[in-house]
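Chemist: Numbering (the working numbering), first residue to last: 317 to 620. Below are the structure tokens for one structure; questions will follow.
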């Protein structure tokens, strides 16, 4: 004899009590029909695990909490669909923070190895990735251009330079999670004419972008300082991104007009670099592409 699905029945009752028509197509899924006739499906495996660890008496309340959260998510999605252009921002994520199966549904693109950038809607109580279905008459590139303009010039930010191990590091920071968008306007902070080799950059937390123009100090000292500071911010920061340091190589993107560049669909040239320094044996191991390795050799030869 099949045992009754107590958890499933409790969830369906909570939905019915809130006026929804709902069914369980299978044990792991709930399908809810909204008042406008739209049907949405949700994965309830995690909810079942949570509910199953509680008493029978607690089930109605736990089911009601699930329905309340579902309604909040639906309201946020509706706000995102109707969001004015002024609410769009660009937020940087690590690749593993956004499941690959949702990349095709969101306004998202690769920024650098290991990093994505996504157009998001800046809601009063949440940050919601923008779905392609909510673009309206905009293209994805237009959405990025508008979101970048709001993130860079529409949000307050601070710029200061501090030294670590004698290496000057520029901190671009803010009290919001869109600071990384400033990587699109690095010419404001690093003049390509004065620093033709570009800069080292890092995105340790969403509120901070670290920059060091290459050539100001010995390259391995600069890498050591950047890596150490980025790792420290990742260790203590909330919603940290990555300690990875990148080589920003000015090129075709920076040759474009700053206002027009984002609308062209391109991104800055960012390449991961890393140095492992063995001070005891006076040995340095460099992990990078060939172009950066050649640049390092030239810089070291010039210093000699």
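Even glycine gets a Cβ: it sits at the ideal position worked out from N, Cα and C.
Name the two residues that bound the continuous beta strand (DSSP E) containing residue 443.
Modeler: Where residue 443 is concerned, the enclosing beta strand (DSSP E) stretches over 442 to 445.
Chemist: Spell out whether any CB of chain B is found under 8 Å from the CB atom of residue 370.
Modeler: No chain B is present in this structure, which holds just one protein chain.
Chemist: Below 7 Å, is the gap between the Cβ of residue 591 and the nearest heavy atom of the ligand FMN?
Modeler: In terms of ligand content, the structure shown is empty, and the ligand FMN therefore cannot be addressed.
Chemist: Exposed or buried, what is residue 371 when buried is set at 16 or more other beta-carbons lying within 10 Å of its beta-carbon?
Modeler: Result: exposed.
Chemist: Can you check the stretch 327 to 415 for any alpha helix (DSSP H) of at least 4 residues that lies completely inside it and give the ranges in chain order?
Modeler: List check, alpha helix (DSSP H) in window: 361 to 368 and 375 to 397.
Chemist: Tell me the DSSP bridge mates of residue 435?
Modeler: Answer by DSSP bridge pairing, in chain order: 406.
Chemist: By the 10 Å Cβ neighbour count, where 16 or more other Cβ atoms means buried, how is residue 570 classified, buried or exposed?
Modeler: Per the 10 Å Cβ criterion, buried.
Chemist: Taking Cβ to Cβ, would you say residue 601 is nearer than 8 Å to residue 587?
Modeler: It is not a contact, given that the beta carbons lie outside the stated cut-off.
Chemist: When you compare only the Cα positions, how much space is there between residue 471 and residue 337?
Modeler: Spanning the two alpha carbons is a distance of roughly 43 Å.
Chemist: Looking only at its own chain, which residues have a Cβ that is under 6 Å from the Cβ of residue 379, when we skip the five neighbours before and after it?
Modeler: So the qualifying residues of the chain are 326, 327 and 330.
Chemist: Using a Cβ-Cβ cutoff of less than 6 Å, which residues in the same chain neighbour residue 324 once the five nearest sequence positions on both sides are dropped?
Modeler: Closer than 6 Å at the Cβ level, and outside the excluded window around residue 324, lie 340.
Chemist: Within 10 angstroms of its Cβ, does residue 477 collect 16 or more other Cβ (buried), or is it exposed?
Modeler: So residue 477 ends up on the exposed side.
Chemist: Which residue or residues does DSSP assign as beta-bridge partners of residue 564?
Modeler: Residue 564 is bridged to 515 and 586.
Chemist: Within 10 Å of its beta-carbon, does residue 496 have 16 or more other beta-carbons around it, so buried, or fewer, so exposed?
Modeler: It counts as buried.
Chemist: Any contact between the stretch 534 to 542 and the stretch 491 to 510? By contact I mean 3 or more CB pairs, one from each, below 8 Å.
Modeler: Touching, no, given that fewer than three Cβ pairs across the two stretches are closer than 8 Å.
Chemist: Roughly how far, in whole angstroms, is the beta-carbon of residue 621 from the beta-carbon of residue 527, given that I think they are within contact range, below 8 Å?
Modeler: It is not possible to answer for residue 621, since the shown part of the chain is limited to 317 through 620.
Chemist: Which of the three DSSP states, helix, strand or coil, is assigned to residue 426?
Modeler: Three-state DSSP puts residue 426 in a strand.
Chemist: Could you give the DSSP three-state label for residue 555: helix, strand or coil?
Modeler: Coil at residue 555, not helix or strand.
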